[in-house]
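Using our numbering, you'd call the opening residue of the sequence shown number 338 and step up by one each time. Think of the CB as a built atom: it goes at the ideal place given N, C-alpha and C, for glycine as much as any other residue. Written out below as structure tokens is the structure these notes cover.
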Amino acid sequence: MKELMQQAMSLLMFDMPIQPDYIRSTFTTTHLNYQQVFLHWSPEATRKKLIAAFWYRQVLFHFALMISLAFVVAILSGMASFKLLLVTFFPVGIILLITFSFFLYLPFYYRDFLPTLDMVMAEKEKSVLADETLKKCKRSQHSIPSLTIIFFVFCKLSGVTVPPANDPSAMLLNSLLGVDKDKLKQNLSRLQKISRLTPKEKAELQKGIEVARQFFAALDAA
Numbered sequence: 338m339k340e341l342m343q344q345a346m347s348l349l350m351f352d353m354p355i356q357p358d359y360i361r362s363t364f365t366t367t368h369l370n371y372q373q374v375f376l377h378w379s380p381e382a383t384r385k386k387l388i389a390a391f392w393y394r395q396v397l398f399h400f401a402l403m404i405s406l407a408f409v410v411a412i413l414s415g416m417a418s419f420k421l422l423l424v425t426f427f428p429v430g431i432i433l434l435i436t437f438s439f440f441l442y443l444p445f446y447y448r449d450f451l452p453t454l455d456m457v458m459a460e461k462e463k464s465v466l467a468d469e470t471l472k473k474c475k476r477s478q479h480s481i482p483s484l485t486i487i488f489f490v491f492c493k494l495s496g497v498t499v500p501p502a503n504d505p506s507a508m509l510l511n512s513l514l515g516v517d518k519d520k521l522k523q524n525l526s527r528l529q530k531i532s533r534l535t536p537k538e539k540a541e542l543q544k545g546i547e548v549a550r551q552f553f554a555a556l557d558a559a
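Shown next as structure tokens:
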């Protein structure tokens, strides 16, 4: 009951649309929904959608709610007749809309909603940039079999014992190479039991060896 009352008060005070968590979740949901339709949908486009939703959905809904409550209270309290309320509804409504806009909606918009929305959009743009950078790095990075073989060769050249194919070794290589630890463990295991590999596994290993050979050739170490 207490939570319900808090939600009702938040609705009446126009508090929810300016909450950072609400703006962030709405931004994320809206952005993902439009990205499914438009491949190159931008954070700036989502920002404009949320601004439109603020004025044409949240503000209008709140104002309609306040007018409806005032209308019901006036009827139930006997402050005015139903006929008088109908006659004065539109002029009074316009005056109240102007008053609410200047003293409630515009201050909330410029003081709370817009700065928070810009912060959320900046976070999204940084996330998009980081994802694009990571994708570029992954495109230029060798495959996991190739990385494992290169590491294996470096161990042999330096006289370091090749780590066993277990979870600690996979975690160690993950921190060095930045690739999936389970696949690193799998490829370490393959190097230790080459004679028991399937034809498919041998083909993957051969591709890795060829890439590793090219890598060491570029180092003049082939």
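Relative to A382, the option among V410, S512, M458 and P357 whose CA is nearest is M458.
Contact between the region 444 to 463 and the region 362 to 373 is present, with at least three C-beta pairs closer than 8 Å. Note that the C-beta distance between T453 and P354 is not below 7 Å.
DSSP places L510 in the uninterrupted alpha helix (DSSP H) bounded by D504 to L514.
Residue state for D517 is assigned as coil, using DSSP reduced to three classes. Looking only at R448, F437, R550 and V465, the smallest Cα-Cα distance to Q372 is reached by V465. Between K522 and A502, the C-beta gap is smaller than 7 Å, which places the two residues in contact. Within the model, the alpha-carbon separation for R384 versus W378 is close to 11 Å. Between the region 506 to 518 and the region 538 to 547 there are fewer than three C-beta pairs closer than 8 Å, too few to call the two in contact. Per DSSP, Q372 is one residue of the alpha helix (DSSP H) stretching across P357 to Q372. Straight-line measurement puts the Cα of T363 at about 13 Å from the Cα of A389.
CA-CA distance, V490 to D504, rounds to 21 Å. Separation of R527 and S480 (C-alpha to C-alpha, rounded to the nearest whole angstrom) is 15 Å. In this structure, the straight-line span from the alpha carbon of I486 to that of Y359 is close to 48 Å.
The three-state reading of DSSP puts P501 in coil, since its state is none of H, G, I, E or B. Burial state of F488 is buried, judged by a 10 Å Cβ sphere holding 16 or more other Cβ atoms.
The Cβ atoms of A549 and S483 lie closer than 7 Å to each other.
DSSP places P380 in the uninterrupted alpha helix (DSSP H) bounded by P380 to A390.
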